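Student:
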Amino acid sequence: MKRRELVGAYARGLYHACGVKGVESKPLVGIANSWSSMVPGHIHLRRVARAVADGVTAAGAIPLEFNTIALCDGICQGAGMHAVLPTRDLIAASVELTARAYSLDALVCIASCDKIIPGMLMAAARLDLPTVFVTGGLMAEGAWHGQRVITSDVKEAIGRARRGEITQSDLHEIERAACPGPGVCNMMGTANTMCVMVEAAGLSLPGNATIPATMPRSRWVNPALLDLARTAGECVVDALRRGIAFRQVVTPGTLYNLIRVVQAIGGSTNAVLHLAALSTELGSEIHLDDWDRLGRETPLLARFKPASPYTVSDFGRAGGVPALLKQLAPLLDLNAPTVCGRTLREVAANAEIVNPDIICPLDDPLSPTGGIAVLYGNLAPEGAVVKVSGVSPTMMRHIGPARVFDREEDVQECLLGGRVQPGDVLVVRYEGPRGGPGMRELSLPAAIMVGMGLADSVAMITDGRFSGATRGPCIGHICPEAAEGGPLAALRDGDIIEIDIPARTLNVHLSEAELRARLSNWTPPPKDISPGFLRLYARAVGPASRGAVLG
Numbered sequence: 000m001k002r003r004e005l006v007g008a009y010a011r012g013l014y015h016a017c018g019v020k021g022v023e024s025k026p027l028v029g030i031a032n033s034w035s036s037m038v039p040g041h042i043h044l045r046r047v048a049r050a051v052a053d054g055v056t057a058a059g060a061i062p063l064e065f066n067t068i069a070l071c072d073g074i075c076q077g078a079g080m081h082a083v084l085p086t087r088d089l090i091a092a093s094v095e096l097t098a099r100a101y102s103l104d105a106l107v108c109i110a111s112c113d114k115i116i117p118g119m120l121m122a123a124a125r126l127d128l129p130t131v132f133v134t135g136g137l138m139a140e141g142a143w144h145g146q147r148v149i150t151s152d153v154k155e156a157i158g159r160a161r162r163g164e165i166t167q168s169d170l171h172e173i174e175r176a177a178c179p180g181p182g183v184c185n186m187m188g189t190a191n192t193m194c195v196m197v198e199a200a201g202l203s204l205p206g207n208a209t210i211p212a213t214m215p216r217s218r219w220v221n222p223a224l225l226d227l228a229r230t231a232g233e234c235v236v237d238a239l240r241r242g243i244a245f246r247q248v249v250t251p252g253t254l255y256n257l258i259r260v261v262q263a264i265g266g267s268t269n270a271v272l273h274l275a276a277l278s279t280e281l282g283s284e285i286h287l288d289d290w291d292r293l294g295r296e297t298p299l300l301a302r303f304k305p306a307s308p309y310t311v312s313d314f315g316r317a318g319g320v321p322a323l324l325k326q327l328a329p330l331l332d333l334n335a336p337t338v339c340g341r342t343l344r345e346v347a348a349n350a351e352i353v354n355p356d357i358i359c360p361l362d363d364p365l366s367p368t369g370g371i372a373v374l375y376g377n378l379a380p381e382g383a384v385v386k387v388s389g390v391s392p393t394m395m396r397h398i399g400p401a402r403v404f405d406r407e408e409d410v411q412e413c414l415l416g417g418r419v420q421p422g423d424v425l426v427v428r429y430e431g432p433r434g435g436p437g438m439r440e441l442s443l444p445a446a447i448m449v450g451m452g453l454a455d456s457v458a459m460i461t462d463g464r465f466s467g468a469t470r471g472p473c474i475g476h477i478c479p480e481a482a483e484g485g486p487l488a489a490l491r492d493g494d495i496i497e498i499d500i501p502a503r504t505l506n507v508h509l510s511e512a513e514l515r516a517r518l519s520n521w522t523p524p525p526k527d528i529s530p531g532f533l534r535l536y537a538r539a540v541g542p543a544s545r546g547a548v549l550g
């Protein structure tokens, strides 16, 4: 008897206990499923995973499903947000280590939401196996008093209720109507930005990013999504047989494509963090300057809620990612293979642009430059980012006095207490990767600011981050962060801050000598971090300008 047969008996016996047979003769395909009963974008993924497994089996391989954690950014607001970004690294490690431990031959990653897709991308880059992504499809649009409402409308409704524009009863009706069932929140937040990026990279099947998660007016999983998932299972086995691994699909050229795609759709500023983390794993670092350079060259072709009346479902009805690639084709490298066997050029060539008012042509864009800008200045020596496609023209330049807060809760209380004045610049510091810890997302106070009608007179700046669904003059990722002695730590109430987005600058009207003098007497405020992972994270995490990665 061969030595391999002898040594393999132990594993075969244990697989037998799991009901798995044929491991010695068939490829092993891992199905990394981020199902969770606590996340609307993931609550239906058990059914999706079964469809993937059916496809893998039909293609002659063995599906081995395992799970990762998943958090909902919207539910985990406030104190819970400290934990959200750090889960990206835990998800990456769990997928990587499971695949290595079980010697998997290929991988299908099933995910929908903000940190889960990036974590799985990081793992896939480390493993370099044939890899297909299946994203979970869009949450249905809701309706309230004849208006379409989606998740981001709930956050802004909080501010509207505070100013008396709607009643408390109206607010409760909106919160129920805007989130009717499973799927990715139907706005161009981080989740949908990542779903679009995965499809634009050729890692998921055409149409996956904008497919509905459920049947119309029901919570039943969309049969078309299940068909796509089944095909993805077959596709990964085909990719394995063709020898198409992750790094053959995701090349350095792909990373630049993805910057242009995000710029063209006014995507989430969180994509800057996640693409930097992915590029680090690939050994091909993307810098903030790349985002600004390519953003200046890439027109804004589409804009979605909350920055426009259109939902991401409208994007799908207009032709989706393939149509976007067709419009952007002159600016993209479309020669890389995709997991489905065609090149991106073929995917784009076969696309139909159903509505050029939603996905505009290159020669008639919404704006000549892209949706994300990178700012520098004496407040951001290493950069800061802003979703410029969500900023009104009147706030592209703003000068005002600083209102300084050392945590998210304080600025939120100030807003709800009606103590913010037109012209103010709200400074929220010690919310960076280390200072938070965890680089909290300040989407709720930003949305409250918009809902209270302040987005045309008040700006917010932070070393934390914002949701992809944030609109208004909200500048995040300021580096160095305050907890590392960055310039934000020197600010005081009343300091005059100047924001000039067209000039790409963020400055305080203080001399370098005054800034140095203030920082020379600075000590970081004490912060009680509970023992556990967050304490380790605060010690090991890198700056936002490099993706806030560990190590």
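Numbering-wise, the sequence shown is residues 0 to 550 according to numbering that gives the first Met the number 0.
Don't be surprised by glycine CBs; every beta carbon is placed ideally from N, CA and C.
Remember, predicted model here, so these are calculated numbers, not experimental data.
Rounded to the nearest angstrom, how far is the Cβ of L96 from that of G29, given a contact under 8 Å?
Tutor: Your numbering for residue 96 matches position 97 in the sequence shown. Your numbering for residue 29 matches position 30 in the sequence shown. Contact doesn't hold; Cβ gap of about 11 Å is too wide.
Student: What residue does the alpha helix (DSSP H) around I258 start on, and which one ends it?
Tutor: Counting from one through the sequence shown, the residue named residue 258 turns up at place 259. That run of the alpha helix (DSSP H) goes P251 to I264.
Student: Under three-state DSSP, which class holds P530?
Tutor: Sequence index remark: in the sequence shown, residue 530 carries index 531 (1-based). Three-state DSSP puts P530 in coil, outside helix and strand.
Student: Does Q146 come out as helix, strand or coil in the three-state DSSP assignment?
Tutor: By one-based count along the sequence shown, residue 146 stands at place 147. Q146: strand per DSSP, three-state reduction.
Student: Can you look up M459 in the DSSP assignment and give me helix, strand or coil?
Tutor: For the purposes of this step, residue 459 is taken as residue 460 along the sequence shown, with counting starting at 1. Correct three-state label for M459: strand.
Student: Return the first residue and the last residue of the alpha helix (DSSP H) that D494 is part of.
Tutor: Locating residue 494 in the sequence shown gives position 495, counting from the first residue. Segment: none, D494 is in no alpha helix (DSSP H) and carries neither H nor E.
Student: Between the stretch 98 to 114 and the stretch 154 to 170, do at least 3 Cβ pairs fall closer than 8 Å?
Tutor: Result no; under three Cβ-Cβ pairs closer than 8 Å.
Student: Using the Cα positions of M0 and A223, report the straight-line distance between them to the nearest angstrom.
Tutor: Mapped onto the sequence shown, residue 0 falls at position 1. Mapped onto the sequence shown, residue 223 falls at position 224. Bear in mind that a pLDDT of 39 at M0, under 50, signals an unreliable position, so the number given afterwards is only what the model happens to contain. Distance between the alpha carbons of M0 and A223 is about 48 Å.
Student: Straight-line CA distance for L170 to A160?
Tutor: Stepping through the sequence shown from its first residue, residue 170 is reached at position 171. Stepping through the sequence shown from its first residue, residue 160 is reached at position 161. Approximately 7 Å, taken between the alpha carbons.
Student: Quick one: grab the DSSP three-state call for S278.
Tutor: Counting from 1 along the sequence shown, the entry for residue 278 is found at position 279. Three-state result, S278: helix.
Student: Would you mind stating whether A537 and P436 have Cβ atoms separated by less than 7 Å?
Tutor: Within the sequence shown, numbered from 1, the residue matching residue 537 stands at position 538. Within the sequence shown, numbered from 1, the residue matching residue 436 stands at position 437. Cβ atoms of A537 and P436: closer than 7 Å.
Student: Give a yes or no on whether the C-beta atoms belonging to L299 and G188 are separated by under 7 Å.
Tutor: Taking the first residue of the sequence shown as 1, we reach residue 299 at position 300. Taking the first residue of the sequence shown as 1, we reach residue 188 at position 189. Result no, Cβ atoms of L299 and G188 do not sit closer than 7 Å.
Student: Taking Cβ positions only, does I173 come closer than 7 Å to chain C?
Tutor: As a matter of chain content, chain C is missing from the structure shown, which is built from one protein chain.
Student: For D423, I'd like the list of residues in its chain whose CB is within less than 7 Å of its CB, leaving aside the five on either flank, ordered along the chain.
Tutor: Working through the sequence shown from its first residue, we reach residue 423 at position 424. Closer than 7 Å at the Cβ level, and outside the excluded window around D423, lie G399, P400, R402 and V457.
Student: The beta strand (DSSP E) spanning L382 covers which residue range?
Tutor: Here residue 382 refers to the residue found at position 383 when the sequence shown is read from its first residue. Checking the sequence, you will find Gly at residue 382 rather than Leu. First-last of the beta strand (DSSP E) with G382: A379 to K386.
Student: Residues in its own chain within less than 8 Å of R2 by CB, not counting five upstream and five downstream?
Tutor: As a working mapping, residue 2 is identified with position 3 in the sequence shown. The predicted position of R2 is uncertain, since its pLDDT is 44 and thus under 50; a value taken from the coordinates is nonetheless stated next. Closer than 8 Å at Cβ, skipping near neighbours: no residue.
Student: What separation, rounded to the nearest whole angstrom, lies between the Cα atoms of P472 and R396?
Tutor: Position 473 of the sequence shown, counted from the first residue, corresponds to residue 472. Position 397 of the sequence shown, counted from the first residue, corresponds to residue 396. Spanning the two alpha carbons is a distance of roughly 9 Å.
Student: Which two residues bound the contiguous beta strand (DSSP E) that contains Y14?
Tutor: Translated into positions along the sequence shown, residue 14 becomes position 15. Premise fails: Y14 lies in the alpha helix (DSSP H), A8 to A16, not in any beta strand (DSSP E).
Student: DSSP three-state call for Y553: helix, strand or coil?
Tutor: As displayed, the chain neither begins before 0 nor continues past 550, which places residue 553 out of reach and without an answer.
Student: Have a look at A78 and R241 and give me their C-alpha separation to the nearest angstrom.
Tutor: Looking up residue 78 in the sequence shown gives position 79. Looking up residue 241 in the sequence shown gives position 242. A78 and R241: Cα-Cα distance of roughly 47 Å.
Student: Pairing CB atoms from the stretch 315 to 334 with CB atoms from the stretch 353 to 361, are three or more of them under 8 Å?
Tutor: These segments touch.
Student: Inspect the beta-carbon positions of I285 and L272 and report whether they are closer than 7 Å.
Tutor: Reading the sequence shown from its first residue, position 286 is the one you call residue 285. Reading the sequence shown from its first residue, position 273 is the one you call residue 272. In this structure, L272 does not lie closer than 7 Å to I285 by Cβ.
Student: Between T230 and the rest of its own chain, which residues show a CB-CB distance below 7 Å, the 5 nearest in sequence each way excluded?
Tutor: Here residue 230 corresponds to residue number 231 of the sequence shown, with the count starting at 1. Cβ neighbours of T230 beyond the five flanking positions: G54 and L204.
Student: Using DSSP with H/G/I as helix, E/B as strand and the rest coil, what is F465?
Tutor: As a first step, residue 465 must be located in the sequence shown, where it is residue number 466. The answer is coil: DSSP assigns F465 none of H, G, I, E or B.
Student: Using a Cβ-Cβ cut-off of 8 Å (strictly less than) and excluding sequence neighbours within five positions of T279, which residues of its own chain qualify?
Tutor: The residue given as residue 279 occupies position 280 in the sequence shown. Excluding sequence neighbours, T279 sits near R545, G546 and V548.
Student: Quick check on DSSP: helix, strand or coil for R517?
Tutor: If you number the sequence shown from 1, residue 517 lands on position 518. R517 falls in the helix class under three-state DSSP.
Student: Mind checking N207: buried by the 16 CB within 10 Å criterion, or exposed?
Tutor: Numbered from its first residue, the sequence shown carries residue 207 at position 208. Flag for N207 reads buried.
Student: Around the C-beta of R534, are 16 or more other C-beta atoms found within 10 angstroms, so that it is buried, or is it exposed?
Tutor: Taking the first residue of the sequence shown as 1, we reach residue 534 at position 535. Per the 10 Å Cβ criterion, exposed.
Student: In angstroms, rounded to a whole number, what distance separates the CA positions of C17 and H81?
Tutor: Against the sequence shown, residue 17 aligns to sequence position 18. Against the sequence shown, residue 81 aligns to sequence position 82. Answer to the nearest angstrom: the Cα atoms are 37 Å apart.
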